[in-house]
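J.: There's a structure below that I have some questions on.
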Amino acid sequence: MIAAIHLSGDLQVWIGALLTLMVFSFLWRDNPFYKFAEHVFVGVSAAYWMVMGFWTTLWPALVLKLFPAAGRWSSPEAPVGAWDPVALIPAALGLLMLARLWPRLSWLGKWPTAFALGTTAGYSLVRYLRSDFLYQIQATIGAGLAPTAAGRWLWQESLAQLLVLAGTVSGLVYFVNTREQKGAYGRVARWGLLVLMITFGASFGSAVMGRVALLVGRFQELLGPWLGIL
Amino acid sequence: MIHRYDRLASRLESLDRRWIFLVLAAVVVVSLLTGVSTPDRATSVVQPIYDRIENLPAGAPILLSLDYSPSSAPELEPMADALTQHALLTGHPICYMSLYPTGNNMISRVEERVIAREFPQAAPGRDWVSLGFQVGGEMLINSLRDSLTARYPTDVAGRPLRQIAALRGVRGLADFGLIVSLSAGQPGLKEWILYAGDVLDVPLAGGCTGVGAPQFFPYYPLQILGLMSALKGAAEYEGALARGHPEFVAANQQATRGMGPQSAAHLVIVAFILLGNAGLLLRRLARRRTP
């Protein structure tokens, strides 16, 4: 039974509902209402990130380490920390990054970029090698093709393992371009293509499910808090 | 006859996509208004998360990282709600944190909608604690491995971590009974797997958006003990919770309620795909019969 409409008196709910309708209006065609909502979204997001970036990164990780007494102003009850000269290093790297704004000094900006890329790559290499390569190989063939439990052959798990292994190998074969894909080799490659298509289909289905969930979420907000009929 | 096939195929092929949007919206609205729901049973990918919480030692804390922003909340918030309900029902303190700048607001929403309404007896600091957002992504996870206080000297309310009862006995990430990352992208579950789950001996589970699910399934079951995928995963968890704790009546089973419109929308999409293919087949038929 559908209840009567009880429009919300909350300004926040109205703003959210009207912006939602403005964004939905793009489905009809591009229009000034959509443009307005789009610009508001971009502006608010940029402002939010800037404020959050300042108060969660620059302030505690740089300002408070170089000027500990400033903490009395932002958090009067928190104990004042010690001066940390190490913070001068990221400060200098950050300033070098800003040098990119001046064409004659822009080359200086390459140093912090190189530092960030180098440390991240070096640090992540081992992690990715272990998690996305070694453990994934283990997950594909580690359990063996005939797993057992209490002396009993687990035929379902065995079939699943076989499918995963066949799908992985044939998928890899499809991407080997140094050999002509014909005969038995070509049939394996075609099977690999089929596996890839099934995977892309599952990914697409999953993405559609996600987008529909977002649509349902917006309608729940419109029909519930705004119109009061849910 | 051939002309009729051709005309029908032309009409199907030139169908204005706005009709599809309109039908989809109408189906979702009608499903929501009529309250159609499709209760779910937990699959073998979701059930281990539920079982892990059920079988945790008494009082073992759970770390819940809400790594999403409002744009992904419809998919991930029901998971946060259900996990919070389950943890509080079974007496496990929850420690919230976030790798996303919008995380503090996401945590506050769960506190307001679930803890304040459904568990008014739960006390902050004893039954749950919010550490909030800290910048750093994977580096933050890395630095929390040995010591939470390295990056979180206090919780969001300014209480020193050592004085918080919910975190008694917790030094680093390995001291949690379970870590769950509800992830909308990067940084999120992937970083938790790489920098915590695969490095420490700590059970790790996740929840993700529908778009991100294919990326995470390969990590199950070796590197994550379970995965909730989008609204469906959340509905499955709600179903497991409803069956396991029938005495608890959730105020808002958001995911279960959302699965009715979700299923109806999927049927509409499938119908339009079939119509599109029918148009193609009719066109081929007309061409084949043209003398």
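Going down the list, the protein sequences come from chains A and B.
Numbering-wise (our numbering), the first sequence opens with residue 1 and increments by one.
Numbering-wise (our numbering), the second sequence opens with residue 1001 and increments by one.
Idealized CB from N, CA, C, for every residue including glycine.
Compare the C-beta of A/R127 against all C-beta atoms of chain B and say whether one is closer than 8 Å.
T.: By this cut-off, A/R127 is an interface position.
J.: Output the boundary residues of the alpha helix (DSSP H) element that contains B/I1062.
T.: No alpha helix (DSSP H) contains B/I1062, which is instead part of the beta strand (DSSP E) from 1062 to 1067.
J.: Would B/D1016 be called buried (16 or more neighbouring beta carbons within 10 Å of its own) or exposed?
T.: Exposed, since its Cβ has fewer than 16 Cβ neighbours within 10 Å.
J.: Check the Cβ of A/V216 against every Cβ in chain B and list those closer than 8 Å, keeping chain order.
T.: By Cβ distance, chain B contributes V1028, L1032, P1074, L1231, G1258, P1261, Q1262, A1265.
J.: Check whether the Cβ atoms of A/I5 and A/L227 sit closer than 8 Å, and answer yes or no.
T.: Contact flag set, yes.
J.: Any beta carbon of chain B sitting closer than 8 Å to that of A/W28?
T.: Cβ-Cβ to chain B under 8 Å: yes for A/W28.
J.: By Cβ distance below 7 Å, which residues in the same chain neighbour A/A146 in space, the five residues on each side in sequence not counted?
T.: Cβ neighbours of A/A146 beyond the five flanking positions: W153, S158.
J.: So which residues of chain B does A/W49 contact, with C-beta pairs closer than 8 Å?
T.: By Cβ distance, chain B contributes P1101.
J.: Counting only Cβ-Cβ distances shorter than 7 Å, please list the residues of the region 1198 to 1226 of chain B near chain A, keeping chain order.
T.: Residues passing the 7 Å Cβ filter: D1198, T1209, G1210, V1211, A1213, P1214, P1218, L1222, Q1223.
J.: Comparing C-alpha positions only, which one of B/H1086, B/G1103, B/L1131, B/Y1100 sits nearest to B/V1292?
T.: Within the shown structure, residues of chain B are numbered from 1001 to 1291, placing residue 1292 of chain B beyond reach of any answer.
J.: When you compare the CB positions of A/S206 and B/V1211, do they come within less than 8 Å of one another, or not?
T.: Yes, these two residues count as a Cβ contact at 8 Å.
J.: Quick check on the DSSP output: the beta strand (DSSP E) that includes B/W1128 runs from which residue to which?
T.: Unbroken beta strand (DSSP E) run through B/W1128: 1128 to 1133.
J.: Against chain B, with Cβ distances strictly below 8 Å, would A/G210 count as a contact?
T.: Closer than 8 Å: yes.
J.: Who are the near neighbours of B/L1140 in its chain, counting only those whose CB is closer than 7 Å to its CB and skipping five residues on each side?
T.: Around B/L1140: L1099, Q1134, R1151.
J.: Checking contacts by CB at 8 Å: is B/G1158 closer than that to chain A?
T.: Yes - at least one Cβ of chain A is within 8 Å of the one on B/G1158.
J.: From A/W83 to A/L62, what distance separates their C-alpha atoms?
T.: Their backbone Cα atoms lie some 10 Å apart in a straight line.
J.: Are the region 1190 to 1198 of chain B and the region 1216 to 1233 of chain B touching, with three or more C-beta to C-beta distances below 8 Å?
T.: With the cut-off at 8 Å, the region 1190 to 1198 of chain B and the region 1216 to 1233 of chain B touch.
J.: To the nearest angstrom, how far is it from the Cα of B/A1165 to the Cα of B/G1125?
T.: Taking the straight line from one Cα to the other gives about 6 Å.
J.: Within a Cβ cutoff of 7 Å, which residues of the same chain sit near A/L64, ignoring the five residues on either side of it in sequence?
T.: Closer than 7 Å at Cβ, skipping near neighbours: A70, G71, G81.
J.: Can you list the residues of chain B that A/Q136 reaches, using a CB-CB cut of under 7 Å?
T.: Under the 7 Å cutoff, chain B gives P1218.
J.: Do B/I1020 and B/F1176 come within 8 Å of each other at the CB atom, strictly closer than that value?
T.: Against a cut-off of 8 Å, the Cβ pair of B/I1020 and B/F1176 comes out as no contact.
J.: In its own chain, which residues sit with a C-beta less than 6 Å from the C-beta of A/L108, not counting the 5 before and 5 after it?
T.: L96, A99, listed in sequence order.
J.: Using the Cα positions of A/F219 and B/K1232, report the straight-line distance between them to the nearest angstrom.
T.: Taking the straight line joining both Cα atoms gives about 18 Å.
J.: Give me, in chain order, the residues of the same chain whose beta-carbon lies closer than 6 Å to that of A/L66; leave out the 5 immediate sequence neighbours on both sides.
T.: Closer than 6 Å at Cβ, skipping near neighbours: A87.
J.: Could you compute how far the alpha carbon of A/V221 sits from the alpha carbon of B/N1252?
T.: It is worth fixing the name first, because residue 221 of chain A is Glu in this sequence and not Val. The alpha-carbon atoms of A/E221 and B/N1252 are separated by roughly 14 Å.
J.: Are there 16 or more other CB atoms within 10 angstroms of the CB of A/M1, so buried, or fewer, so exposed?
T.: Any reading at A/M1 must be qualified, since the residue scores a pLDDT of 49, below 50, and its modelled position is unreliable; no value is offered.
J.: The alpha helix (DSSP H) with A/I15 in it runs from where to where?
T.: Residues 11 to 24.
J.: For B/D1040, which residues of its own chain have a beta-carbon under 6 Å away from its beta-carbon, when the five flanking residues on both sides are left out?
T.: For B/D1040, where only same-chain residues beyond five positions count, the Cβ hits under 6 Å are A1235, E1236, G1239.
J.: Which residues, taken in chain order from the region 52 to 71 of chain A, show a beta carbon closer than 7 Å to some beta carbon of chain B?
T.: Taking 7 Å as the Cβ-Cβ cut-off against chain B, the residues of the region 52 to 71 of chain A that qualify are M52, T56, T57.
J.: Pairing CB atoms from the region 1099 to 1110 of chain B with CB atoms from the region 1059 to 1070 of chain B, are three or more of them under 8 Å?
T.: Yes, the region 1099 to 1110 of chain B touches the region 1059 to 1070 of chain B.
J.: Kindly indicate which residue of A/L214, A/L19, A/R127 has the alpha-carbon position closest to the one of B/E1138.
T.: Checking every option, the nearest Cα to that of B/E1138 belongs to A/R127.
J.: My output table needs one value for B/G1206: the three-state DSSP class, helix, strand or coil.
T.: Strand, per DSSP.
J.: Is any heavy atom in the ligand ATP found nearer than 7 Å to the beta carbon of B/G1035?
T.: The ligand content of the structure shown is nil, which means the ligand ATP is not present either.
J.: Give the residues of chain B in contact with A/E77, contact being defined as C-beta atoms less than 7 Å apart.
T.: Chain B residues near A/E77: G1158.
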